[in-house]
Amino acid sequence: MPSQQGSPTVRRLRLGQELRLLRERQKLTGAKAAKELGWSPSKVSRIEAAKTMPAADDIKAMAKLYRVDGDKVDELFGLLRDAEQRGWWEDYEDALPEEYTRFLGLEAEAISQRSWEPQVVPGLLQTEDYAREVILASRGIARITHSGVRSRVEARLDRQKRVLYRTEPCRLTVVLDESALTRRFGEPSVMREQMEHLLELSLLPHVGVHVLTLDSLHPVNTGAFIHLQFAAFDDVVYLEQLYTAHFVEDLERVAGYETAFDHIRSEALDEDESRVLIQRKAMLWRR
Numbered sequence: 001m002p003s004q005q006g007s008p009t010v011r012r013l014r015l016g017q018e019l020r021l022l023r024e025r026q027k028l029t030g031a032k033a034a035k036e037l038g039w040s041p042s043k044v045s046r047i048e049a050a051k052t053m054p055a056a057d058d059i060k061a062m063a064k065l066y067r068v069d070g071d072k073v074d075e076l077f078g079l080l081r082d083a084e085q086r087g088w089w090e091d092y093e094d095a096l097p098e099e100y101t102r103f104l105g106l107e108a109e110a111i112s113q114r115s116w117e118p119q120v121v122p123g124l125l126q127t128e129d130y131a132r133e134v135i136l137a138s139r140g141i142a143r144i145t146h147s148g149v150r151s152r153v154e155a156r157l158d159r160q161k162r163v164l165y166r167t168e169p170c171r172l173t174v175v176l177d178e179s180a181l182t183r184r185f186g187e188p189s190v191m192r193e194q195m196e197h198l199l200e201l202s203l204l205p206h207v208g209v210h211v212l213t214l215d216s217l218h219p220v221n222t223g224a225f226i227h228l229q230f231a232a233f234d235d236v237v238y239l240e241q242l243y244t245a246h247f248v249e250d251l252e253r254v255a256g257y258e259t260a261f262d263h264i265r266s267e268a269l270d271e272d273e274s275r276v277l278i279q280r281k282a283m284l285w286r287r
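Counting from 1, one number per residue, gives the positions in the sequence shown under full-length UniProt numbering.
#1: Taking only three categories from DSSP, how would you classify H210?
#2: So, with DSSP's three-state summary, where would you put H218?
#3: Under three-state DSSP, which class holds D177?
#4: Look at the alpha carbon of L199 and the alpha carbon of R159, and state the distance between them as a whole number of angstroms.
#5: Are there three or more Cβ pairs, one per stretch, closer than 8 Å when the stretch 127-143 is compared with the stretch 174-194?
#6: According to the neighbour-count rule (16 or more other Cβ atoms, all chains shown, within 10 Å of its Cβ), is V237 buried or exposed?
#7: Within 10 angstroms of the Cβ of H246, are there 16 or more other Cβ atoms? Answer buried if so, exposed if not.
#8: Evaluate R12 with the Cβ neighbour count: other Cβ atoms within 10 Å of its Cβ, from every protein chain shown; 16 or more gives buried, anything less gives exposed.
#9: Taking Cβ to Cβ, would you say F261 is nearer than 8 Å to A110?
#10: Hey, A180 and V120: beta-carbon distance below 8 Å or not?
#11: Using the Cβ count rule (16 or more neighbours within 10 Å means buried), how would you classify I141?
#12: Taking the alpha carbon of D57 as the point to measure from, which residue in D71, L76, E196, A49 has its own alpha carbon closest?
#13: Looking at H210: is its Cβ nearer than 8 Å to the Cβ of V175?
#14: I need the straight-line Cα distance from S3 to R86, nearest angstrom please.
#15: In whole angstroms, what is the alpha-carbon distance linking C170 and V163?
#16: Kindly identify the DSSP beta-bridge partner or partners of V236.
#17: Nearest to P8 by CA position, among S45, G38, D82, is which residue?
#18: In the DSSP assignment, the alpha helix (DSSP H) including Q194 goes from what residue to what residue?
#19: Would W285 and M195 qualify as a contact pair, given that the criterion is a beta-carbon distance under 8 Å?
#20: Report the three-state DSSP secondary structure of V248 (helix, strand or coil).
#21: For the alpha helix (DSSP H) holding Q279, just list the boundary residues, first then last.
#22: For the stretch 37-118, which segments carrying the alpha helix (DSSP H) assignment without a break, of at least 4 residues, lie completely within its bounds, in sequence order?
#23: Tell me the rounded alpha-carbon separation between S138 and R192.
#24: Taking DSSP's pairing of strands, which residues face R171 in a bridge?
#25: Report the three-state DSSP secondary structure of R20 (helix, strand or coil).
#26: Alpha carbon to alpha carbon, how far is F225 from A255? Give it in angstroms, no decimals.
#27: Quick one, which of S40, E48, E36 has its alpha-carbon nearest E18's?
#28: Under a three-way DSSP split, which group does A155 fall into?
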């Protein structure tokens, strides 16, 4: 099983966050700090937003300006060392959208993941054949090559091993719309295998699967989203569209998505009832 390791993506974000907080404690604006450092304002902004990796000399200069030393400087350099490591998802950079690779980096250190999916079985719970069919379904629109399809399937399976079976896995709670269990991707045998796989994964102690039935009250009109929670970092919500994806990081809006998820889950079946329904769907796909 893959071991639990710190995510360089999260370390980069934490490093930027720490540097911003240190600057603000000195009551310096980004522009003022940049002037004192002899940099452009955009360099300070990009470092704090984790869009540019600072060099060791940059850290030293910022620490001096912000009047920090000792253990705090050691902490900053520790974050920098971890941030420079390579994440497993970077092996698939050429085949995956940039925002999605950032999501994978965040997911690697999440302690809880809550997912609402109204259309398909979520990627973490997909079989190889189902994943391939889902990716092929959008191939003509997204213009994914044959090798791109193969790489995306491999990345999805690698992700599953590293998230579901790591030493300290995050708590995964999924709410699926019933329509996701009846919308066919591939042959009926692909769907039957997917239903059986979903049942198997739902028995893992850290995985909870709920189904929102078609005759349930739908309390929130929203598309798919994933809410990530961290031990030492603010929550993030990930939204994915056909061509783009973005992150919701504003605390008030993140709280809104958290409330939305709670509403959706409250209307869904509990875990045992959901397994019964999924089993029925699996039997239907045997015909």
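Even for Gly, the Cβ is constructed at its ideal location relative to N, Cα and C.
Quick look at the numbers:
#1: strand
#2: coil
#3: strand
#4: 19 Å
#5: yes
#6: buried
#7: Exposed, because fewer than 16 other Cβ atoms sit within 10 Å of the Cβ of H246.
#8: buried
#9: no
#10: yes
#11: exposed
#12: Nearest in C-alpha terms to D57, of all of D71, L76, E196, A49, is L76.
#13: yes
#14: Legend: pLDDT at S3 = 39, less than 50; position of this residue unreliable, no value from coordinates given.
#15: 7 Å
#16: Residue pairing by DSSP places V236 opposite L228 in a beta bridge.
#17: D82
#18: 188-202
#19: yes
#20: strand
#21: 271-284
#22: 41-48, 56-65, 71-83, 98-107
#23: 21 Å
#24: S112
#25: If DSSP states are grouped into helix, strand and coil, R20 belongs with the helices.
#26: 13 Å
#27: E48
#28: In the three-state reduction of the DSSP assignment, A155 falls in the helix class, which pools H, G and I.
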